[in-house]
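Q:
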Amino acid sequence: MIALTQTTYMQESKVDLLGLMRSPGFVLPALLFPCAFYFFFGVVFKHDASGASTYLLVNYCIFGIMGPALFNFGVHVAQDRETGSLTLKRLSPMPPLAYVMAKSLSALCFSLLICSLLFGIALLGTDVTMSASQWLGLLGTALLGTLPFCGLGLWLGLKLSAKAAPAVVNLVYLAMAMCSGLWVPITLLPESMQTFAWLLPSYHLSQLALSVLSMHQGHPIGLHLIILSAFAIAFALLASHQWRKLY
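FYI, the numbering for the sequence shown is 1 to 247, going by full-length UniProt numbering.
Structure below.
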């Protein structure tokens, strides 16, 4: 029975990951947007400020990992609902958790690939210098940080129609990136936006990632960790409630 369950999880994960890799509409934006932005702003248009390329690398890693989590859940779950694929999976012997775990694993795989590409650009085209522990700390923070966005994406995917999902998820994705200081330093934003950023998981994840290099704003790391964990739990509960309403 345990072997059968493990096989089910592995097969579902394989199918979901292969499906994403065969979707140019998902793969190209997910990989190209953060890499292109970092290449232009971190390499081509280098800032004179010390550490600017490193700061941008951290924030574009966070920007990059948000995309696969939000879109694989937010858009594809909505599509699976309307096409009946999700209902078919629910009627099959497959555990419901296998569906969620498969999409989470796919998001993690793409996040790892995005971070690896960004690291490669930084090493080859900038003056970024970090210790091995800092590279690993940044990577680990970014990958673990996908979890709250998986929960948010799942909730949106269960809530929205297939037609509305792409627009709404894009709006949420870009708004969080802009208002969290991922594109420009948070200190350059108006004070009201800096206050609003505390309501966004992307801001707290960015601060956690920047703390690996001691480039954060100086607020307690534990506070960011608690708030981000609260976001992850809240989104998981919202998604679970919406799942039970639908099925």
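Virtual Cβ for every residue (Gly too), placed ideally from N, Cα, C.
May I have the straight-line CA-CA distance separating residue 133 from residue 9, to the nearest angstrom?
A: Spanning the two alpha carbons is a distance of roughly 32 Å.
Q: Can you find a heavy atom of the ligand GTP that lies under 8 Å from the Cβ of residue 229?
A: The ligand GTP is not among the ligands present in this structure, which contains no ligands whatsoever.
Q: Please report the straight-line C-alpha distance between residue 179 and residue 227, rounded to a whole angstrom.
A: So the alpha carbons of these two residues sit roughly 17 Å apart.
Q: Residue 143 to residue 90, Cα distance in whole Å?
A: Answer to the nearest angstrom: the Cα atoms are 28 Å apart.
Q: Would you give the residue range spanned by the alpha helix (DSSP H) that residue 66 belongs to?
A: First-last of the alpha helix (DSSP H) with residue 66: 52-83.
Q: Roughly how many angstroms separate the alpha carbons of residue 81 and residue 20, rounded to a whole number?
A: Whole-angstrom Cα-Cα distance: 17 Å.
Q: Rounded to whole angstroms, how far is the Cβ of residue 107 from the Cβ of residue 68, which I believe are closer than 8 Å?
A: Yes, residue 107 and residue 68 are in contact; Cβ-Cβ is about 4 Å, under 8 Å.
Q: Mind checking whether residue 125 and residue 43 have CB atoms under 9 Å apart?
A: Yes, the Cβ-Cβ distance between residue 125 and residue 43 is below 9 Å.
Q: Helix or strand or just coil, what does DSSP make of residue 149?
A: If DSSP states are grouped into helix, strand and coil, residue 149 belongs with the helices.
Q: Could you tell me the alpha carbon to alpha carbon distance between residue 87 and residue 93, rounded to whole angstroms?
A: In a straight line, the C-alpha of residue 87 is about 12 Å away from that of residue 93.
Q: Leaving out five residues before and five after residue 128 in sequence, what residues of the same chain have Cβ atoms less than 8 Å from its Cβ?
A: These residues qualify, in order along the chain: 53, 54, 57 and 122.
Q: Taking the straight line between their C-alpha atoms, what separation do you get for residue 2 and residue 151?
A: Confidence is the limiting factor: at residue 2 the pLDDT is only 47, short of 50, which leaves the residue's position unreliable, though a coordinate-based value still follows. Taking the straight line joining both Cα atoms gives about 26 Å.
Q: Using a Cβ-Cβ cut-off of 8 Å (strictly less than) and excluding sequence neighbours within five positions of residue 197, which residues of its own chain qualify?
A: Excluding sequence neighbours, residue 197 sits near 179, 180, 181, 186, 189 and 203.
Q: In three-state DSSP terms, what is residue 215?
A: Coil.
Q: Can you list, in chain order, the residues of its chain whose CB lies under 6 Å from that of residue 4, leaving out five sequence neighbours each side?
A: Model confidence at residue 4 stands at a pLDDT of 44, short of 50, so the residue's coordinates are unreliable; what they give is reported in the following sentence. For residue 4, where only same-chain residues beyond five positions count, there are no Cβ hits under 6 Å.
Q: Enumerate in chain order the residues of its own chain whose CB-to-CB distance from residue 118 is below 7 Å, with the five nearest sequence positions on each side excluded.
A: Closer than 7 Å at Cβ, skipping near neighbours: 34, 35, 38, 57, 60, 61 and 64.
Q: So is residue 25 buried or exposed if we call it buried at 16+ other beta carbons inside 10 Å?
A: So residue 25 counts as exposed.
Q: Between which two residues does the alpha helix (DSSP H) carrying residue 169 extend?
A: 165-179 is the span of the alpha helix (DSSP H), which, as asked, contains residue 169.
Q: Going by DSSP in three states, residue 126 sits in which element: helix, strand or coil?
A: In this structure, residue 126 counts as coil in the three-state DSSP scheme.
Q: Just curious, the alpha helix (DSSP H) that residue 244 is in, first and last residue?
A: It spans 221-246 - the alpha helix (DSSP H) in which residue 244 sits, taken as one unbroken run.
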